[in-house]
Amino acid sequence: MKDEIKGKVWKFRDSIDTDVIIPGRYLRTFSLDELSSHVMEGEDPKFAENVEQGDIIVAGWNFGCGSSREQAPVALKHAGVDAIIAKSFARIFYRNAINVGLPVIVADIEADKGDQLRIDLAEGMIQNLSTGNKFNIQPFHDFMLGILEDGGLVKHYLHEKKENQS
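Under my numbering, read the sequence shown as residues -17 to 148, first letter to last.
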């Protein structure tokens, strides 16, 4: 994880729930490869095979609503999604995403599928490199950047614990 993210946009509608992100019938596996191979298939059957490391989801209101399954942000991150920008997030999904080290950004931006974005989390700016438009966002605090940099809350805790013992 880095303060700056660059990637291609995947565009989704309002109210994408966790069962759309990763359908419950696939939750019997512990394989992240298997889980991520089905991510977003109800919304875009080709998403899992075409998403690339560094890609960014841009969505409408209430992204991640529904059940509180942590597998939803885990599967997105493992599939290659580096950030999600939405007009709003379900509270539990937002927390689960940060806990696994996936940046989630509340913003209403103009972007189309395939556009290239640059996100600066520390400065609080999103630039659509395809159109030149810039959007201000709430900068991420150092503590939040630290969690994301370490790959999630548990890894951050272990990193901090190790540094404090030194």
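Ideal Cβ positions, reconstructed from N, Cα and C, are used throughout, including at glycine. Nothing here was measured: the structure is a model prediction, and the numbers come from that model.
Endpoints, the beta strand (DSSP E) within which residue i is located
{"i": "ILE150", "result": "It is not possible to answer for residue 150, since the shown part of the chain is limited to -17 through 148."}
{"i": "ILE(-13)", "result": "-14 to -7"}
{"i": "ASN118", "result": "116 to 118"}
Whole-number beta carbon distance between residue j and residue i, since they are thought to touch under 8 Å
{"i": "MET126", "j": "ASN118", "result": "With a Cβ gap of about 17 Å, MET126 and ASN118 do not count as contacting."}
{"i": "PHE(-6)", "j": "ILE39", "result": "6 Å"}
{"i": "PHE75", "j": "ALA54", "result": "6 Å"}
{"i": "ALA68", "j": "VAL33", "result": "About 17 Å; that fails the 8 Å criterion."}
Residue i - partner residues in DSSP beta bridges
{"i": "ILE66", "result": "ILE39, VAL86"}
{"i": "ASN110", "result": "LEU99"}
{"i": "GLY6", "result": "Beta-bridge pairing links GLY6 to no other residue."}
{"i": "PHE45", "result": "PHE71"}
{"i": "ASP155", "result": "With the chain covering -17 to 148 only, the question about residue 155 has no answer from this structure."}
Proximity below 7 Å, CB of residue i to CB of residue j
{"i": "ASP64", "j": "ILE(-2)", "result": "no"}
{"i": "VAL(-9)", "j": "LYS59", "result": "no"}
{"i": "LEU17", "j": "ALA79", "result": "no"}
Sequence-distant residues of its chain with Cβ nearer than 7 Å to residue i (five each side left out)
{"i": "MET(-17)", "result": "For MET(-17), the predicted model reports a pLDDT of 47, less than 50, meaning its position is unreliable and no value from the coordinates is stated."}
Sequence-distant residues of its chain with Cβ nearer than 8 Å to residue i (five each side left out)
{"i": "GLN98", "result": "LYS(-12), GLY(-11), LYS(-10), VAL(-9), ASN110, LEU111, SER112"}
{"i": "CYS163", "result": "No answer is possible for residue 163: it lies beyond the span of the chain, which begins at -17 and ends at 148."}
First and last residue of the uninterrupted alpha helix (DSSP H) at residue i
{"i": "ALA79", "result": "73 to 81"}
{"i": "MET126", "result": "124 to 132"}
{"i": "LYS59", "result": "53 to 61"}
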